[in-house]
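Take any residue in the sequence shown, count from 1 to its spot, add 275: that is its number in this note's numbering.
Backbone N, C-alpha and C define an ideal beta-carbon position, used for all residues, glycine too.
Everything below concerns the one structure shown next.
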Amino acid sequence: MRKPLMAMVVAVMAAIGFAAPAQATANAVNMPFGMGYGNSTTTGTIHFTDGYTASVSGTVHAASGARMVCFWGANGNVETKAICSPWAYAGGPNQSFSEPLRIALPGGVQRVYIAMYDENVTPLAGGFCTRNGCTRTF
């Protein structure tokens, strides 16, 4: 009688989630970023949450021509769709942007890529940020 009862208790515990510990989540982190091309700049913050999302907010400034900043998230080989700021024009105001990125996988958004483009959509500067810091790639 004890074996069938124990098997039933183990089966019930597994069915309601007692068999495996809950997956740990990372702490939320605010990571500042900034990059420039000549006197054109972008600065802001990436808020990596303890869930699936990272929110990117900042401004882009154009010292000549027009500048736009695009960003997208990644977790391994899975990437979000790129989101771009409004165009900033030389002599005009800085343009603000603020958007969330979401990847519904364990660990959520692990890396955020950021790239600055000119009026011909030519990439001028780029890099990526993680919870541990930012790296300029070009």
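Notebook entry, point to check: Near MET343, which residues of its chain fall below 6 Å by C-beta distance, leaving aside the five closest residues on each side in sequence?
Noted result: Taking the sequence shown and counting its residues from 1, one reaches residue 343 at position 68. Excluding sequence neighbours, MET343 sits near CYS359, SER360, TRP362 and TYR392.
Next item on the list: Kindly indicate which three-state DSSP category ILE358 falls into: helix, strand or coil?
Entry: Stepping through the sequence shown from its first residue, residue 358 is reached at position 83. Here ILE358 sits in strand by DSSP.
Item checked: Proximity to ILE321 [Cα-Cα], best of ALA379, ALA301, ARG406 and LYS356 -> On the sequence shown, position 46 is the one that residue 321 refers to. Comparing Cα positions, the closest option is ARG406.
Next item on the list: Sort TYR327, CYS345, ASN302 and ALA303 by Cα distance to SER371 and report the nearest one.
Entry: Here residue 371 is taken as the residue at index 96 of the sequence shown, counted from 1. Checking every option, the nearest Cα to that of SER371 belongs to CYS345.
Checklist line | Local conformation of ALA349 per DSSP, three classes | finding: Here residue 349 is taken as the residue at index 74 of the sequence shown, counted from 1. Secondary structure of ALA349 (DSSP, three-state): strand.
Checklist line | Pair within 8 Å by beta-carbon distance, LEU399 and TYR327 | finding: To locate residue 399, count along the sequence shown from 1; it is residue 124. To locate residue 327, count along the sequence shown from 1; it is residue 52. The Cβ atoms of LEU399 and TYR327 do not sit closer than 8 Å to each other.
Next item on the list: Please report how far the alpha carbon of LEU380 lies from the alpha carbon of PHE413, in whole angstroms.
Entry: Position 105 of the sequence shown, counted from the start, is the residue given in the question as residue 380. Position 138 of the sequence shown, counted from the start, is the residue given in the question as residue 413. If you take the alpha carbons of LEU380 and PHE413, they lie about 29 Å apart.
Check: Given a threshold of 16 other Cβ atoms within 10 Å of its Cβ, counted over all protein chains shown, does VAL396 qualify as buried or as exposed?
Finding: Your numbering for residue 396 matches position 121 in the sequence shown. Classification of VAL396: exposed, given that the 10 Å Cβ count is below 16.
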